[in-house]
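Trainee: Here's a structure for you.
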Amino acid sequence: DAGVTQSPTHLIKTRGQHVTLRCSPISGHKSVSWYQQVLGQGPQFIFQYYEKEERGRGNFPDRFSARQFPNYSSELNVNALLLGDSALYLCASSLNAVGYTFGSGTRLTVV
Amino acid sequence: DQQVKQNSPSLSVQEGRISILNCDYTNSMFDYFLWYKKYPAEGPTFLISISSIKDKNEDGRFTVFLNKSAKHLSLHIVPSQPGDSAVYFCAARPTSGTYKYIFGTGTRLKVLA
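In the order they appear, the protein sequences are chains L and X.
Residue numbering for the first sequence follows our numbering, beginning at 79 and increasing consecutively.
Residue numbering for the second sequence follows our numbering, beginning at 113 and increasing consecutively.
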């Protein structure tokens with residue numbers, strides 16, 4: 079069975095650009111969450127979506143947005159990239175909101 | 113404001129011995145606590161969880177203990193194996209919303225052969 083898949087695995091962008099990260103949850107999982115992990119820190123919650131609706135948002139600026147599609151896949155969009163946005167972006171899916179399964183992440187580097 | 117804290121950034125243990133990883137939290141409004149393991153270039157992998165109404169949960173070599181009065185939880189790995197070498201994160205789920213976890217900063221465990 080395929081786990082949570084994220085694309086791309088690595089990405090380099092320039093300050094001020096926009097980026098779109100993609101996530102496909104485990105089959106049957108309707109909940110998708112996004113986390114940002116900066117080097118040396120634990121993952122920080124960005125968004126959660128369930129059945130295409132935003133159920134929660136972390137303390138991130140409006141430059142961060144996301145959506146969930148009818149097939150439960152999800153996109154995370156970040157506008158006007160800053161150097162500080164460089165991080166590992168993790169997508170996680172869950173059946174029951176306990177014990178999320180994480181993907182391997184997208185490593186974003188902003189130069 | 114770090115609500116979930118892992119004060120030991122690293123831990124080294126001899127193979128076959130017990131590994132004890134600790135986590136403290138400052139907010140009583142959590143209903144679930146979880147431990148995740150992370151290898152380099154991979155996402156965190158769920159290990160074990162415990163409900164706030166329990167004080168112990170065991171799964172094979174892994175046992176999590178919860179001390180609510182001390183706002184402290186620990187993960188015991190017995191016996192430790194070299195393959196357990198990874199970064200371990202504890203996480204807590206607020207009762208106010210089941211939609212997010214708050215993670216600690218992680219403890220890097222190295223099991224020496």
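Every residue, glycine too, gets a C-beta built ideally from N, C-alpha and C.
Keep in mind it's a predicted model, so treat the numbers as computed, not measured.
Would you mind working out which of L/Ser164, L/Arg93, L/Gly181, L/Gln115 sits nearest serine 172 of chain L, comparing C-alpha positions?
Mentor: Of the candidates L/Ser164, L/Arg93, L/Gly181, L/Gln115, the one whose C-alpha sits nearest the C-alpha of serine 172 of chain L is L/Gly181.
Trainee: Do you know whose CA, among L/Thr179, L/His96, L/Tyr167, lies nearest leucine 186 of chain L's CA?
Mentor: Comparing Cα-Cα distances from leucine 186 of chain L to each of L/Thr179, L/His96, L/Tyr167, the minimum goes to L/Tyr167.
Trainee: Look up glycine 155 of chain X in the DSSP assignment and say whether it is helix, strand or coil.
Mentor: Glycine 155 of chain X falls in the coil class under three-state DSSP.
Trainee: Under three-state DSSP, which class holds leucine 159 of chain L?
Mentor: Correct three-state label for leucine 159 of chain L: coil.
Trainee: Who does proline 206 of chain X pair with in a DSSP beta bridge?
Mentor: Paired residues: X/Phe142.
Trainee: How many whole angstroms separate the CB atoms of proline 103 of chain L and glutamine 114 of chain L, which I take to be in contact at a CB cut-off of 8 Å?
Mentor: 18 Å between Cβ atoms; not a contact.
Trainee: Cutting at 8 Å between CB atoms, please list the residues of its own chain near lysine 91 of chain L, excluding the five before and the five after it.
Mentor: These residues qualify, in order along the chain: Val97, Leu159, Leu186, Thr187, Val188, Val189.
Trainee: How would you label isoleucine 130 of chain X, buried or exposed, when you count the other beta carbons within 10 angstroms and need 16 or more for buried?
Mentor: The residue is exposed, with fewer than 16 neighbouring Cβ atoms inside 10 Å.
Trainee: What number of angstroms, rounded off, separates the C-alpha of phenylalanine 201 of chain X from the C-alpha of glycine 118 of chain L?
Mentor: Whole-angstrom Cα-Cα distance: 11 Å.
Trainee: Got a sec: is the Cβ-Cβ distance from leucine 168 of chain L to anything in chain X below 9 Å?
Mentor: It does: the Cβ of leucine 168 of chain L has a partner Cβ on chain X nearer than 9 Å.
Trainee: My guess is that threonine 179 of chain L and valine 82 of chain L are in contact by the Cβ rule of under 8 Å, so how many angstroms apart are they, rounded?
Mentor: With a Cβ gap of about 6 Å, threonine 179 of chain L and valine 82 of chain L count as contacting.
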